[in-house]
Amino acid sequence: MRRFFMPINNVSLESINLTMYKILFIFLFIGQIAFAQITIKDSISTYPVSYATVSFGNGNGLFADDEGQFVFTKKLYPDIDSLFISALGFKDLNVATHNLPNHLLLQPEASELDEVFIGTTLDRKFKEEELKPSLDDDYYNCWLPTIESEIAVYFPKTTTKDQQLKEVVFPIALESKDWEKRNRRNSEKKKFSTLFKVKFYSNNNGVPGNVLTNETIVFRATEKDGDAYELNVDDHNIYIPDNGFFVSLQVLGYTNKEGKLLPNKKYKEIESRGGSVVKIPTNFRPLLPFTDDIASKNTFIKRVFISGNNWVKFDKGNQFKSSLLDKNLFNYGIGLTYKTFKDE
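For the sequence shown, the working numbering puts the final residue at 354, and the numbers step up evenly by one.
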């Protein structure tokens with residue numbers, strides 16, 4: 011039997027059915043994404059917990075965005091059975107991925123901030139002391155930031171007087187679009203928009219210890235910032251402990267033009283000539299220049315997504331294979347500005 015379709019405004023019933031199927035598919039896709047979106051919240055205030063770390067326990071992981079949201083599905087991560095959630099000022103949470111709820115609640119923990127004066131409003135006289143950053147635009151003298159690593163640099167207290175941290179200067183190296191013109195100051199730079207998280211740690215027997223502030227501090231760097239990003243931390247009231255402190259930097263990933271964190275993968279999957287899939291670490295721009303201007307070895311590294319991770323000094327023989335170490339480049343040369351208060 012031959013079937014006929016009556017055109018309706020030059021559109022057949024077959025094309026109408028096809029359009030309906032497409033619309034249904036779009037709704038199903040949107041529903042799947044909405045279901046996959048998880049929000050991390052404060053169990054007391056129910057406010058979102060921004061930029062929490064979501065570890066998978068196998069060396070992989072991701073970060074929640076500024077609204078405490080991240081995407082997780084068994085289709086994306088079929089071999090992950092549990093998630094380890096951590097954030098400043100909250101107790102760690104271990105949750106199974108089976109029947110994962112849309113909202114995860116973190117319990118606030120009592121502050122354990124040591125040797126910190128909080129909320130001081132005294133109008134005290136002070137002078138500013140500046141430690142200049144070590145800048146370098148050589149690609150081969152740079153650390154390539156990856157989301158599984160956190161870098162921390164130790165700084166001693168420079169006086170017995172009270173000192174407050176005013177500004178931190180993070181050196182960054184820019185890349186030219188034209189490799190042959192990379193050394194020219196007026197060469198056009200590759201664009202990027204990258205979000206970083208900053209933490210401040212006490213000195214615990216030579217390694218980073220407790221955090222000095224539970225506030226979440228992030229900044230977005232672009233090629234327009236030049237060869238350093240200046241972060242003002244005056245309002246955070248960070249006073250320097252007698253035995254020094256650590257400043258750490260951790261890349262969260264790329265952002266859109268509005269500064270919204272974009273989903274990022276830890277690895278790029280590339281098919282080899284033999285047909286097997288090889289995982290290549292995803293590096294994020296900007297690059298972080300290392301220096302030999304500092305005599306002591308003050309830089310430490312840890313792998314943030316590995317359960318039970320520990321700080322390790324960036325040095326030869328300490329689990330690192332790096333061309334930077336081969337060149338005796340041991341430190342990330344962060345700059346600081348202190349307020350040193352006069353005795354009264």
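Note that the Cβ used here is the ideal one computed from N, Cα and C, for glycine as well.
Shown here, aspartate 52 sits in a strand according to DSSP, grouped into three states. A straight-line Cα-Cα distance of about 6 Å links lysine 349 and leucine 175. Contact check for tryptophan 321 against lysine 307 fails: the beta carbons are separated by 8 Å or more. Straight through space, the alpha carbons of alanine 231 and asparagine 266 are spaced by roughly 12 Å. A Cβ-Cβ distance of about 11 Å is found for the pair leucine 259 and valine 228, leaving them out of contact under the 8 Å criterion.
In terms of Cβ geometry, glycine 254 and phenylalanine 310 do not form a close pair [threshold 8 Å].
Here tyrosine 57 carries a coil assignment [DSSP, helix/strand/coil].
Taking a contact to require three or more Cβ pairs closer than 8 Å, the region 217-226 and the region 140-157 do not qualify as touching.
Ranked by how close their Cα comes to the Cα of serine 212, the residues Ile248, Arg134 and Thr204 have Ile248 in first place. One alpha carbon belongs to leucine 86, the other to lysine 275, and they sit about 11 Å apart. DSSP places glutamate 233 within a helical segment (H, G or I) once states are collapsed to three. A straight-line Cα-Cα distance of about 14 Å links proline 218 and serine 159. In this structure the region 131-140 does not lie against the region 98-115, because fewer than three pairs of beta carbons, one per stretch, are closer than 8 Å. Here the alpha carbon of glutamate 268 sits roughly 16 Å from the alpha carbon of aspartate 235.
Distance from the CA atom of leucine 334 to the CA atom of phenylalanine 180, rounded to whole angstroms, is 18 Å.
Less than 8 Å separates the beta-carbon of leucine 115 from that of serine 53. The DSSP-derived three-state label of asparagine 341 is strand.
Here isoleucine 227 is bridged, per DSSP, to Val208. When secondary structure is reduced to three states using DSSP, alanine 97 falls in the coil class, being assigned neither helix nor strand.
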